[in-house]
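The structure under discussion appears below in the form of structure tokens.
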Amino acid sequence: YKKTSSPPNLTSKHLEIVTNNHNNDDEEELVCFQGGEDLTIPDILDAPGEVIGKSTYGTLYKANLTKDESSLLLRFLRPACSCGNLREFCHVLGGIGLIRHPNLVPLLGFYVGCRGEKLLVYPFFGVRNLAQFIKGIIFT
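Here the sequence shown is numbered in my numbering, starting from 391 and rising by one per residue.
And the structure:
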């Protein structure tokens with residue numbers, strides 16, 4: 391795996407790009423943001439997981455990293471939801487990944503595979519979700 395510098399439009403001290411390029415036809419890329427600097431492509435792709443939700447634009451997985459037993463939320467985007475220019479897709483997600491606010495779940499990274507598959511990486515927060523919070527369900 392080789393680390394490359396950030397693209398010119400996505401400069402930040404919290405941005406790191408890792409590429410795995412065995413040959414010119416087989417390239418995959420992982421862009422990491424603040425909080426996801428230790429992520430690697432094998433960590434994400436080899437993590438055992440379970441489906442916790444599906445939507446019209448992707449499938450959510452709870453993935454358990456084997457190296458430190460932590461959990462992540464992985465969202466695999468359906469091809470129809472991320473079609474278009476790959477460069478534009480990466481630029482938009484690069485901007486979203488740099489946003490940090492106490493009321494937003496931070497994007498830790500995103501992965502683009504050699505066959506065009508796309509995956510967003512978030513921290514996993516167990517027990518509660520926004521719908522339960524809005525409805526006032528109390529947890530003990």
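Here a beta-carbon is modelled for each residue, glycine too, at the ideal position from N, C-alpha and C. None of the values given here were measured: they were computed from a predicted structure.
Does residue i pass the burial test, meaning 16 or more other C-beta atoms within 10 Å, or should it be called exposed?
| i | result |
| --- | --- |
| Gly443 | exposed |
| Lys508 | buried |
| Val511 | buried |
| Ala521 | exposed |
| Ile489 | exposed |
| Gly499 | buried |
| Val502 | buried |
| Gly426 | buried |
| Leu429 | buried |
| Val482 | exposed |
| Val495 | exposed |
Considering only the beta carbon of each residue, do residue i and residue j sit closer than 8 Å?
| i | j | result |
| --- | --- | --- |
| Ser461 | Phe423 | no |
| Thr449 | Phe466 | yes |
| Cys480 | Glu417 | no |
| Ile486 | Leu464 | no |
Reducing DSSP to helix, strand and coil, say where residue i ends up.
| i | result |
| --- | --- |
| Gly503 | coil |
| Ser427 | The sequence given here has Glu at residue 427, not Ser. Glu427 falls in the coil class under three-state DSSP. |
| Gly484 | helix |
| Asn413 | At Asn413, the pLDDT of 42 sits below 50, so the modelled position is not reliable and the matter cannot be decided from this model. |
| Pro432 | helix |
| Leu497 | coil |
| Glu418 | strand |
| Ile524 | helix |
| Arg490 | coil |
DSSP has residue i in a bridge; who is on the other side?
| i | result |
| --- | --- |
| Gly439 | Ala453 |
| Pro513 | Leu462 |
| Leu467 | Gly448 and Lys508 |
The ligand MN heavy atoms versus the CB of residue i: any closer than 7 Å?
| i | result |
| --- | --- |
| Gly448 | Although the ligand MN was asked about, the structure shown includes no ligands whatsoever. |
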